[in-house]
Amino acid sequence: MPWTEKDFIFKDNHYPSNRLEITEEAPSNIALVKYWGKYGLQRPMNPSISFTLSQSKTITKAILTPLGKPANKVSFKFYLDNRHQPAFEPKIARFFDLIHRYTPFVFQYDWQIYSHNTFPHSSGIASSASGFAALAKLIMNLEKQINPYQNALYYLQKTSFLARLGSGSAARSISGPVMLWGEHPQIAGTSDLYATLPDFDLHPVFQNFKDSIVLVETGQKKVSSTAGHALMDQHPFKNIRIQQAFDNVIKMNQILKTGDISHFIDIVEAEALGLHAMMMTSRPNYILMQPGTLQIIHSLRQIRKEHNIPVCFTLDAGANVHVLYPEGEKNKLQKIFFDNLEHKIIFDYL
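Residue numbers (the working numbering): 2 to 351.
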């Protein structure tokens with residue numbers, strides 16, 4: 002039986018009174034079946050399934066100094082690469098407010114938070130997912146010190162639950178190599194509140210997959226993902242898209258078990274294009290793909306056809322292209338594709 006919000010409410014009133022230093026890390030992820038649209042408090046309109054980008058991580062350290070008495074709001078400062086970043090702090094403050102009921106002990110300390118990403122900014126890797134997942138892991142590390150008696154699965158699911166309140170896709174950045182987020186009537190244990198690990202072993206063909214990211218565009222997106230999700234509320238194709246995602250999650254689960262790479266490619270690319278189709282048909286509509294995005298997509302499809310290489314693409318809510326392929330194909334792709342690109346490429350984050 003999946004856990005409920007009530008199960009995650011923290012009831013102990015004992016807290017460590019000494020100064021603490023805790024470090025945790027969390028990976029980013031790339032969705033194979035996308036979620037687009039939210040309801041309630043950071044709950045997905047449809048389930049999604051992702052690969053964990055195990056080499057693209059956020060590493061976060063927190064120095065916790067006990068306060069004389071709990072504050073009305075969390076006292077903290079946030080540093081990225083050892084530089085104070087006040088622009089990030091309102092979103093983190095909102096996150097602390099949202100988790101207060103579930104982790105009231107965070108209000109007992111002054112937090113100095115130091116974060117570092119192993120990947121460059123504006124690169125098509127969701128730093129908010131890994132960032133909030135790492136922060137949620139820090140908080141759950143502290144909870145385990147206070148109450149070490151829960152089982153490992155409880156801690157995993159509550160970590161995902163907390164991360165989700167910071168950034169929806171952060172729910173899937175807790176573990177891996179595959180995570181599923183969103184309740185599905187045909188998959189036991191799934192929940193809109195947190196992501197879950199699959200109940201099967203990943204087929205060997207997908208255990209050595211690579212994700213190389215081609216940087217078509219850097220900098221801040223013209224339309225934020227938060228704004229894009231909100232446009233799903235009144236989208237004319239909302240119900241059709243939601244049903245499509247429910248169907249594709251079932252198909253992808255089976256594919257990841259059986260190693261059916263041909264159908265993997267079909268669904269992954271259709272999901273990427275479908276995500277952008279929803280943006281282009283929303284009201285108001287907008288386009289995040291750039292000419293370079295389409296050029297890369299056409300090139301990859303041509304390479305797949307002419308060289309029989311099982312390579313495919315996926316996209317997040319931006320112009321940059323994630324190139325997915327088996328590790329054994331890397332040298333071939335280097336010669337016939339990557340070496341011929343004018344764009345910067347980030348290799349081996351999966």
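Using N, Cα and C, we set each Cβ at its ideal position, and we do this for glycine too. Please read all numbers here as calculations on a predicted model, not as lab measurements.
- Message: Please give me, in chain order, every unbroken run of the beta strand (DSSP E) with length at least 3 that falls completely inside the segment 100-174.
- Response: DSSP runs (the beta strand (DSSP E)) wholly in the segment 100-174: 110-118.
- Which ranges does the alpha helix (DSSP H) cover as unbroken runs of at least 4 residues, wholly within the segment 243-300, from first to last along the chain? The qualifying runs are 262-281.
- Does the distance from the C-beta atom of Trp112 to that of Ala171 stay below 7 Å? Locating residue 112 in the sequence shown gives position 111, where the first residue counts as 1. Locating residue 171 in the sequence shown gives position 170, where the first residue counts as 1. In this structure, Trp112 keeps its C-beta atom at 7 Å or more from the C-beta atom of Ala171.
- Task: Would you mind stating whether Arg359 and Thr61 have Cβ atoms separated by less than 7 Å?
- Result: The chain is shown only over 2 to 351; residue 359 falls outside these bounds and no answer can be derived.
- Message: Which residue wins for smallest C-alpha separation from Leu99, given the options Phe339, Phe247, Phe52 and Phe133?
- Response: Here the question's residue 99 lines up with position 98 in the sequence shown. Selection Phe339, Phe247, Phe52 and Phe133 evaluated against Leu99 yields Phe133 as nearest (Cα-Cα).
- Task: Round the Cβ separation of Ala189 and Ile175 to the nearest angstrom and send it over; I've been treating them as touching at under 8 Å.
- Result: Residue mapping note: residue 189 aligns to position 188 of the sequence shown, counting from 1. Residue mapping note: residue 175 aligns to position 174 of the sequence shown, counting from 1. About 19 Å; that fails the 8 Å criterion.
- Same chain only: Cβ atoms within 7 Å of His204, ignoring 5 sequence neighbours per side: As a first step, residue 204 is located in the sequence shown; it is residue number 203 there, counting from the start. Same-chain partners within the cutoff: Leu257, Lys258, Thr259 and Gly260.
- May I have the straight-line CA-CA distance separating Asn321 from His15, to the nearest angstrom? Position 320 of the sequence shown holds residue 321. Position 14 of the sequence shown holds residue 15. For Asn321 and His15, the distance between alpha carbons rounds to 47 Å.
- Inspect the beta-carbon positions of Thr59 and Asn30 and report whether they are closer than 7 Å. Reading the sequence shown from its first residue, position 58 is the one you call residue 59. Reading the sequence shown from its first residue, position 29 is the one you call residue 30. No, these two residues do not count as a Cβ contact at 7 Å.
- Through-space distance from Glu307 to Ala1, alpha-carbon basis: The chain is shown only over 2 to 351; residue 1 falls outside these bounds and no answer can be derived.
- Would you tell me roughly how many angstroms separate the C-alpha atoms of Ala153 and Pro45, rounded to the nearest one? The residue labelled residue 153 in the question sits at position 152 within the sequence shown. The residue labelled residue 45 in the question sits at position 44 within the sequence shown. Near 25 Å, if we compare the C-alpha coordinates of Pro45 and Ala153.
- Item | Exposure of Gln195, with buried meaning 16 or more beta-carbon neighbours within 10 Å | For this step, residue 195 is matched to residue 194 along the sequence shown. A small correction: the amino acid at residue 195 is Tyr; Gln does not occupy that position in the sequence shown. So Tyr195 ends up on the buried side.
- Spatial distance of Thr219 from Ala32 (CA atoms): Position 218 of the sequence shown, counted from the start, is the residue given in the question as residue 219. Position 31 of the sequence shown, counted from the start, is the residue given in the question as residue 32. The straight-line gap separating the alpha-carbon atoms of Thr219 and Ala32 is approximately 20 Å.
- Message: So, with DSSP's three-state summary, where would you put Leu334?
- Response: If you number the sequence shown from 1, residue 334 lands on position 333. Helix, per DSSP.
- Whole angstroms is fine: what's the gap from Asp234's alpha carbon to Pro285's? Within the sequence shown, numbered from 1, the residue matching residue 234 stands at position 233. Within the sequence shown, numbered from 1, the residue matching residue 285 stands at position 284. Asp234 and Pro285 have their C-alpha atoms some 12 Å from each other.
- Sort Asn148, Phe106, Ser18 and Glu184 by Cα distance to Pro3 and report the nearest one. One-based indexing of the sequence shown puts residue 3 at position 2. It is Glu184 whose Cα lies nearest to the Cα of Pro3.
- Who are Ile188's beta bridge partners in DSSP? Translated into the one-based positions of the sequence shown, residue 188 becomes position 187. DSSP, once it has assigned bridges, lists His185 as partnering Ile188.
- Message: Alpha carbons only, please: which of Phe11, Ala137, Glu22 and Tyr40 is nearest the one belonging to Thr104?
- Response: What you label residue 104 is simply residue 103 of the sequence shown in a count that begins at 1. Residue Phe11 is the option with its Cα nearest to Thr104.
- Spatial distance of His323 from Ile214 (CA atoms): The count along the sequence shown starts at 1 and reaches residue 323 at position 322. The count along the sequence shown starts at 1 and reaches residue 214 at position 213. Computed Cα separation, rounded: 4 Å.
- Message: Quick check on Asp317: buried or exposed, where buried means 16 or more other Cβ atoms within 10 Å of its Cβ?
- Response: Looking up residue 317 in the sequence shown gives position 316. Around the beta carbon of Asp317, 16 or more other beta carbons sit within 10 angstroms, so the residue counts as buried.
- Message: As a quick exercise: from Asn240, Ile251 and His299, pick the residue whose alpha carbon is nearest that of Glu270.
- Response: Along the sequence shown, read from residue 1 onward, the residue named residue 270 stands at position 269. When each option's Cα is compared against that of Glu270, the closest is His299.
- Message: If contacts are defined as beta-carbon pairs under 8 Å, then Asn118 and Glu25 qualify, I think. What distance do you get, rounded to the angstrom?
- Response: On the sequence shown, position 117 is the one that residue 118 refers to. On the sequence shown, position 24 is the one that residue 25 refers to. Asn118 to Glu25, Cβ: 14 Å. No contact.
- Query: Using DSSP with H/G/I as helix, E/B as strand and the rest coil, what is Glu25?
  - Reply: Here residue 25 corresponds to residue number 24 of the sequence shown, with the count starting at 1. In the structure shown, the three-state DSSP call for Glu25 is strand.
- Exposure label - Lys211; buried when at least 16 CB within 10 Å: Your numbering for residue 211 matches position 210 in the sequence shown. Buried is the call here.
- Going along the chain, which residues of its own chain have a beta-carbon closer than 7 Å to the beta-carbon of Gly177, five neighbours each way excluded? For the purposes of this step, residue 177 is taken as residue 176 along the sequence shown, with counting starting at 1. Cβ neighbours of Gly177 beyond the five flanking positions: Pro28, Thr53 and Ser55.
- Three-way DSSP call (helix, strand, coil) for Ala32 in this model: If you number the sequence shown from 1, residue 32 lands on position 31. Ala32: strand per DSSP, three-state reduction.
- Message: For Gln235, report the span of its beta strand (DSSP E) as first-last.
- Response: Here residue 235 is taken as the residue at index 234 of the sequence shown, counted from 1. Looking at the DSSP string, Gln235 is not in any beta strand (DSSP E), and its letter there is neither H nor E.
- Task: Determine the burial state of Met280: buried for a count of at least 16 other Cβ atoms within 10 Å of its Cβ, exposed for fewer.
- Result: Within the sequence shown, the letter at position 279 stands for residue 280. The residue in question, Met280, is buried, as its Cβ has 16 or more Cβ neighbours within 10 Å.
- Item | Chain-order list of residues whose beta-carbon lies under 7 Å from that of Gln158 (same chain, five-residue window excluded) | Within the sequence shown, residue 158 is the residue found at index 157, counting from 1. Excluding positions up to five away in sequence, the list reads Trp4 and Tyr195.
- Length of the line joining the Cα atoms of Val179 and Val34: Start at 1 with the first residue of the sequence shown, and residue 179 comes out as number 178. Start at 1 with the first residue of the sequence shown, and residue 34 comes out as number 33. The alpha-carbon atoms of Val179 and Val34 are separated by roughly 11 Å.
- Query: Beta-carbon separation of Leu166 and Gln43 under 7 Å?
  - Reply: The residue given as residue 166 occupies position 165 in the sequence shown. The residue given as residue 43 occupies position 42 in the sequence shown. Here Leu166 is near Gln43, since their CB atoms are less than 7 Å apart.
- Task: Look up Met180 in the DSSP assignment and give the residues it is bridged to.
- Result: One-based indexing of the sequence shown puts residue 180 at position 179. Looking at the DSSP assignment, Met180 forms a beta bridge with Ser51.
- Message: Using CA atoms only, rank isn't needed, just tell me which of Pro327, Asp193, Trp37 and Lys345 is closest to Glu6.
- Response: Looking up residue 6 in the sequence shown gives position 5. Cα-wise, what sits closest to Glu6 is Asp193.
- Message: Is the beta carbon of Val217 closer than 7 Å to that of His85?
- Response: Taking the first residue of the sequence shown as 1, we reach residue 85 at position 84. Taking the first residue of the sequence shown as 1, we reach residue 217 at position 216. No, these two residues do not count as a Cβ contact at 7 Å.
- Query: What are the boundary residues of the beta strand (DSSP E) that includes Pro327?
  - Reply: Position 326 of the sequence shown holds residue 327. Boundaries of the beta strand (DSSP E) around Pro327: Val322 to Pro327.
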